[in-house]
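So in our numbering, the last spot in the sequence shown is 395, and the numbers never skip. Think of the CB as a built atom: it goes at the ideal place given N, C-alpha and C, for glycine as much as any other residue. What follows is one structure encoded as structure tokens, with my remarks underneath.
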Amino acid sequence: MAISMDDKTIEFLKRTFREFYYKNSSKISAPIRMNEREFGYMSFDKVMIRHLSFQTEGELRVFLIKEVPHSVYYSCAYYHEPTLSMDEKGWKGADLIFDIDADAIPTNCKEEHDKWVCKNCNFMGKGKRPEICPKCGGTRIDEENWVCSLCLDATKNEAIKLIDFLLEDFGISKDKIKVHFSGSRGYHVAVEESSLEGLDQLARNEISDYISGMGLSLESLGISKGASYDDIRRSLPSINEPGWRGRIASSFAKLEFEGYNEASKDVRDKILYAYGKMGYKRFEDFTKEIVNKLSANIDVTVTTDIHRIFRLPNTLHGNTGMLKKKCDDLISFDPLIDAVVLSDEPVKLFVDKAPKFTLKGNSFGPYNSEKVILPLMVAVYFVGKGLAKVIDGD
2 MAISMDDKTI EFLKRTFREF YYKNSSKISA PIRMNEREFG YMSFDKVMIR HLSFQTEGEL
62 RVFLIKEVPH SVYYSCAYYH EPTLSMDEKG WKGADLIFDI DADAIPTNCK EEHDKWVCKN
122 CNFMGKGKRP EICPKCGGTR IDEENWVCSL CLDATKNEAI KLIDFLLEDF GISKDKIKVH
182 FSGSRGYHVA VEESSLEGLD QLARNEISDY ISGMGLSLES LGISKGASYD DIRRSLPSIN
242 EPGWRGRIAS SFAKLEFEGY NEASKDVRDK ILYAYGKMGY KRFEDFTKEI VNKLSANIDV
302 TVTTDIHRIF RLPNTLHGNT GMLKKKCDDL ISFDPLIDAV VLSDEPVKLF VDKAPKFTLK
362 GNSFGPYNSE KVILPLMVAV YFVGKGLAKV IDGD
């Protein structure tokens with residue numbers, strides 16, 4: 002489904018990226034304690050180079066202009082010897098990191114813009130890729146995932162919930178939480194707090210489970226099957242409690258239940274009323290829905306990986322040409338405007354298939370096997386996703 006990059010197209014991308022880094026080198030800032038971190042990059046030939054180290058920002062900036070990477074990464078871990086093999090680096094600690102990606106968040110828009118094709122029988126469909134082709138039973142299925150403003154709004158909402166957990170439940174200072182748009186499909190959140198650096202994988206997994214709402218049960222709310230209403234009421238949470246109990250109680254306080262007398266201001270009465278009306282199983286399912294809405298959808302494998310590498314801030318994403326950009330005001334941040342940094346210089350392309358989408362406030366597409374002239378920012382976006390190639394201007 003993707004167009005293979007020819008030499009002309011690769012040179013176009015490298016020239017574009019080199020020019021950007023040359024003009025914006027002063028904006029490339031190194032992560033804290035950069036000399037303790039491993040760096041790596043992917044070339045436009047899709048070769049991954051690891052175990053690099055830089056001592057100064059100037060050295061890093063020269064590297065970007067000279068090598069022109071497709072994507073550049075830095076480790077969230079700190080090492081004694083970053084350039085050695087993983088077994089020899091000497092792990093000192095790692096930032097607490099989180100990844101929120103549109104692929105993992107179910108949204109209705111995916112049924113419109115995502116598609117898949119069976120490589121065995123060429124049967125095609127829209128939405129989430131099936132495990133087995135419904136026509137031939139084959140398992141070799143290619144997929145093409147798109148991202149739209151609705152997808153990115155959903156990832157932003159998850160990031161907002163995550164940050165609230167970090168601030169309210171874990172007591173992390175706001176200035177220790179760094180939030181960046183990834184440059185493509187979501188958000189990266191890194192906590193640079195020395196007291197958390199030494200957390201092992203198990204501890205990070207427990208944090209992930211907590212934020213994801215894993216393992217919560219009615220027992221954690223004080224509801225035991227077969228217990229008397231008086232015993233249950235005494236164990237129910239109030240809206241002033243910290244953690245998940247308080248979060249769930251606050252959620253119930255905002256709900257309305259038919260027949261409930263709102264004269265009582267104690268949320269425990271409302272929870273008990275709902276429990277009595279629904280019964281144990283229905284109430285359990287209802288509470289799970291509340292937990293699902295309150296929890297943050299994060300990639301647990303990223304958070305628990307103490308050697309993980311993240312895309313370097315203020316660098317271009319090789320698949321989109323968009324910037325991994327810091328979000329000082331996440332609420333107002335619009336990635337399809339604020340992270341678009343390339344120019345509107347015209348570029349002639351052959352576009353295979355691309356849906357209608359919006360970039361920098363302008364709509365483009367849909368396109369279907371046609372030659373078009375598009376702004377540089379759109380051309381790089383299409384080419385990076387394998388939907389187009391650069392052609393001669395005549």
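Please report the Cβ distance between residue i and residue j, rounded to the nearest whole angstrom; I am assuming they are in contact, meaning their Cβ atoms lie under 8 Å.
i    : j    : result
R309 : I98  : 6 Å
S213 : A297 : 7 Å
R312 : K325 : 5 Å
A250 : S239 : 6 Å
K274 : Y261 : Looking at the sequence shown, residue 274 is not Lys but Tyr. Right, the Cβ-Cβ distance comes to about 5 Å (below 8 Å), so this counts as a contact.
V381 : L343 : 6 Å
CA-CA distance, residue i and residue j?
i    : j    : result
S370 : I4   : 11 Å
P83  : D96  : 15 Å
V348 : L360 : 16 Å
D102 : N320 : 15 Å
P70  : I272 : 55 Å
Y1   : R16  : Because residue 1 is not part of the residues shown, which for the chain are 2 to 395, the question remains open.
E257 : K47  : 54 Å
C137 : R234 : 55 Å
G199 : G227 : 43 Å
S76  : G187 : 19 Å
F334 : L153 : 11 Å
L197 : P107 : 31 Å
T140 : E132 : 6 Å
L14  : A31  : 24 Å
R283 : E207 : 28 Å
S185 : V341 : 11 Å
S72  : Y42  : 6 Å
G366 : K386 : 15 Å
T305 : E285 : 29 Å
K354 : Y368 : 5 Å
F358 : F383 : 11 Å
V192 : I374 : 43 Å
When the cut-off is 8 Å and only beta carbons count, does residue i lie next to chain C?
i    : result
D270 : No chain C appears in this structure, which consists of one protein chain only.
Buried or exposed: which applies to residue i, given that a residue is buried once 16 or more other Cβ atoms fall within 10 Å of its Cβ?
i    : result
M378 : buried
E39  : buried
E37  : buried
E145 : buried
S318 : Here residue 318 turns out to be His, not Ser, going by the sequence shown. Looking at its Cβ environment, which holds 16 or more other Cβ atoms inside 10 Å, H318 is buried.
D7   : exposed
P243 : exposed
S86  : exposed
K157 : buried
K127 : exposed
Y230 : exposed
P376 : buried
A264 : exposed
E12  : exposed
G322 : buried
S364 : exposed
Looking only at DSSP bridge pairs, what is residue i linked to?
i    : result
I178 : V192
G41  : Y74
A355 : Y368
P376 : P347
G126 : W117
M49  : M43
Y80  : W92
E144 : W117
**Prompt:** Does the segment 60–74 come close enough to the segment 28–35 to have 3 or more Cβ pairs within less than 8 Å?
**Reply:** yes
**Prompt:** Do three or more CB pairs link the segment 120–132 to the segment 69–84 at distances below 8 Å?
**Reply:** no
**Prompt:** Between the segment 165–172 and the segment 65–79, do at least 3 Cβ pairs fall closer than 8 Å?
**Reply:** no
**Item:** contact_flag[the segment 243–256, the segment 221–232] where n(CB pairs < 8 Å) is 3 or more
**Value:** yes
**Message:** Under 8 Å, with one C-beta from each stretch per pair, do the segment 108–121 and the segment 136–144 reach the 3-pair mark?
**Reply:** yes
**Asked** Do the segment 372–392 and the segment 173–181 meet, that is, are 3 or more Cβ pairs less than 8 Å apart?
**Response** no
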